[in-house]
Every structure is written in structure tokens, then in C-alpha cells.
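If you count the sequence shown from 1, position 56 lands on 1298 in this note's numbering, and the numbers rise without skipping. C-beta: ideal position from N, C-alpha, C; glycine also. These notes are about the structure you will find just below.
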Amino acid sequence: MNAPRTPESRCFAAVPLPSGCKTELDVRMRALHAELPFRTWPHPLDLHITLMFLGAVAEDRLPAVQEALAAAADRHAPFPLAVGRLGFFGSPASPRVLFAELEGDRTALSALAADVTSRLSAIGFPAENRPYSPHITLARRYQGGGDPGGLIRAAAEREWAEPLPFDADSVVLYRSHLGRSPMYEPLAIFPMKSEKSGKTTLFSER
């Protein structure tokens, strides 16, 4: 008889955005939605800055993942970032992804991502074979006509010209729930090292 399969979750590590930042991004995204017919737009609560995708994680491996993320977060101090202008991946005539660029201390962000990746790789979660390119995904799969690249550039010069600053001060382990909205469930929050840092919050404890 085969042993029961251990339940799995699709997980990723990310820097969260503060609630005020998400609220302002929601307002800006609604204005974009009226001009740009992308197929999918995330729920505002799902906005984040990905550090590393883990893929499927067995439930019995989550404690090791949490330990690795807690250790990584504790080695880094909070640092300033800002939501910058709009950008896109793919053809200007049919963009695959609409995103917001990141300004501020990108060196600190890349160092945090490298630390997270190194620690998770050491416990069996391989890194992606591409350079780290931090951004905030706003929409996916353009499905209209016209000149979306031009519309995106015009919006970048209007509503998105003013940076939206915030402090990156924690790492979150998220679990994905396909078909739900919001889609991402925070499993644990790991504060970065500072005088005001608190203990790790495990949402399963609530």
C-alpha cells in the first residue's frame, strides 16, 4: 500500500506593500483598467514584490522554509523603496505583463533576494535561471488592439510620474489559492532586523 501523500502548497517569498500603498495603487490601477484591456488584474491585497518562487511545498517542509526566511530577514535592516513608473514585458503591440518599476534602495532589495534564494536553495528549492528583476505586477495578457505601448507610456508620464515611497521592513511567506480573490494567503511574516522588530507572526497560530 502506498503511503499517504503529504499535502502541498504553492508558495513564494515576497516583500509586502503597506496598506496605504496598496490603496493608492488600487486607485491608479482602476484608471488604467478603463484604458487598457488586460485579461487579468490582481486584487489590491495581492500586490507584492517577489523575492523567490518556491513552487509546490509539502506541508512538513514549511517549518524549514520559515526558519530559512526568518534567518534571512534577521540579517537585513529595513530600507526605503518607492513605486515608480509603469513598464511592460513583451511586445509594445501586445504586452504580456504590465508592471510598476521600483525605485529607492534596489541594492538592498537585491541583496535580500540573494540571501533568501541562497538559504532556500540550500534546503532544496532551486533558484530560477534568470537575473533577479524586481517589480510589482499590475496586469497580465493584453487582449485589445490599438497602441497599448503608447497608452502605457502616456500613463507613466501622468498618474505614475510621482513615486510612491514606502519602507521595506519584512519578508512574507505566501501560499497561492488558484481561482480565489484575493489569491495569496500570508502564512508567516518575518520582520527585518531593527530596534522595532517584533517576533515572527505565524498565521496558523491565530
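**Report entry** Proximal residues to GLU1356 (C-beta, below 8 Å), its chain only, five neighbours per side dropped
**Finding:** Taking the first residue of the sequence shown as position 1, residue 1356 is located at position 114. Here residue 1356 turns out to be Ala, not Glu, going by the sequence shown. For ALA1356, where only same-chain residues beyond five positions count, the Cβ hits under 8 Å are TYR1374.
Query raised in the report: Alpha carbon to alpha carbon, how far is ALA1273 from ALA1364?
Result: Your numbering for residue 1273 matches position 31 in the sequence shown. Your numbering for residue 1364 matches position 122 in the sequence shown. Answer to the nearest angstrom: the Cα atoms are 43 Å apart.
Query - Coarse secondary structure for ILE1365, derived from DSSP in three states - result: The residue labelled residue 1365 in the question sits at position 123 within the sequence shown. Three-state result, ILE1365: coil.
Requested in this report: With DSSP collapsed to three states, give me the class of SER1423.
Outcome: Start at 1 with the first residue of the sequence shown, and residue 1423 comes out as number 181. Coil.
Query raised in the report: Roughly how many angstroms lie between the CA atoms of ALA1245 and VAL1269, to the nearest whole one?
Result: By 1-based counting over the sequence shown, the position of residue 1245 is 3. By 1-based counting over the sequence shown, the position of residue 1269 is 27. Because ALA1245 sits at a pLDDT of 48, beneath the cut-off of 50, its placement in the model cannot be relied upon, and the following sentence gives the value as read from the coordinates. Rounded to whole angstroms, ALA1245 to VAL1269 spans 50 Å at the Cα level.
Query raised in the report: So, helix, strand or coil for GLU1309, using DSSP?
Result: The residue given as residue 1309 occupies position 67 in the sequence shown. Helix.
Query - the segment 1409 to 1428 / the segment 1313 to 1327 touching (three or more Cβ pairs under 8 Å) - result: yes
Query raised in the report: What's the C-alpha gap between LEU1259 and SER1436?
Result: For this step, residue 1259 is matched to residue 17 along the sequence shown. For this step, residue 1436 is matched to residue 194 along the sequence shown. Cα-Cα distance, rounded: 18 Å.
**Report entry** Close Cβ partners of ASP1316 (< 6 Å) along its chain, the five nearest in sequence each way excluded
**Finding:** Within the sequence shown, numbered from 1, the residue matching residue 1316 stands at position 74. Within the same chain, ASP1316 has close Cβ partners LYS1435.
Query raised in the report: By Cβ distance below 7 Å, which residues in the same chain neighbour MET1243 in space, the five residues on each side in sequence not counted?
Result: Numbered from 1 along the sequence shown, position 1 holds the residue referred to as residue 1243. In this prediction, MET1243 has a pLDDT of 45, which is less than 50 and means its spatial position is unreliable; what the coordinates show is noted afterwards. For MET1243, where only same-chain residues beyond five positions count, there are no Cβ hits under 7 Å.
Query - Under the three-state DSSP convention, the category ARG1190 falls into - result: Lying before the first or after the last residue shown, residue 1190 is absent from the chain, which here runs from 1243 to 1448.
**Report entry** CA-to-CA distance, GLU1250 to ASP1288, given in whole angstroms
**Finding:** Translated into the one-based positions of the sequence shown, residue 1288 becomes position 46. Translated into the one-based positions of the sequence shown, residue 1250 becomes position 8. About 21 Å.
**Report entry** Cα-Cα separation, ALA1310 to THR1282
**Finding:** Your numbering for residue 1310 matches position 68 in the sequence shown. Your numbering for residue 1282 matches position 40 in the sequence shown. If you take the alpha carbons of ALA1310 and THR1282, they lie about 32 Å apart.
**Report entry** Among LYS1264, HIS1285, PRO1405 and ARG1383, nearest to ALA1335 - alpha-carbon criterion
**Finding:** Taking the sequence shown and counting its residues from 1, one reaches residue 1335 at position 93. Ranking LYS1264, HIS1285, PRO1405 and ARG1383 by Cα distance to ALA1335 puts ARG1383 first.
Requested in this report: Determine the direct distance from the alpha carbon of HIS1285 to that of ARG1453, and round the result to whole angstroms.
Outcome: Outside the shown range of the chain, which is 1243 to 1448, sits residue 1453, and nothing can be said about it.
Query - With 16 other Cβ atoms within 10 Å as the buried cut-off, status of THR1265 - result: One-based indexing of the sequence shown puts residue 1265 at position 23. So THR1265 counts as exposed.
Report task. State the DSSP-derived secondary structure class of ALA1245, mapped to helix, strand or coil. Result -> As a working mapping, residue 1245 is identified with position 3 in the sequence shown. The predicted model places ALA1245 with a pLDDT of 48, which falls under 50 and marks its position as unreliable; any figure quoted below should be read in that light. Looking at ALA1245 - three-state DSSP - the assignment turns out to be coil, as it is neither helix nor strand.
Requested in this report: Pull up the distance between the alpha-carbon of ALA1256 and that of ILE1291, whole angstroms please.
Outcome: Along the sequence shown, read from residue 1 onward, the residue named residue 1256 stands at position 14. Along the sequence shown, read from residue 1 onward, the residue named residue 1291 stands at position 49. Each residue's alpha carbon lies about 5 Å from the other.
Requested in this report: Using the Cα positions of ILE1431 and VAL1414, report the straight-line distance between them to the nearest angstrom.
Outcome: Taking the first residue of the sequence shown as position 1, residue 1431 is located at position 189. Taking the first residue of the sequence shown as position 1, residue 1414 is located at position 172. Distance between the alpha carbons of ILE1431 and VAL1414 is about 5 Å.
Requested in this report: State the start and end residues of the unbroken beta strand (DSSP E) segment that holds ALA1255.
Outcome: The sequence position of residue 1255 within the sequence shown is 13, counting from 1. Unbroken beta strand (DSSP E) run through ALA1255: 1250 to 1258.
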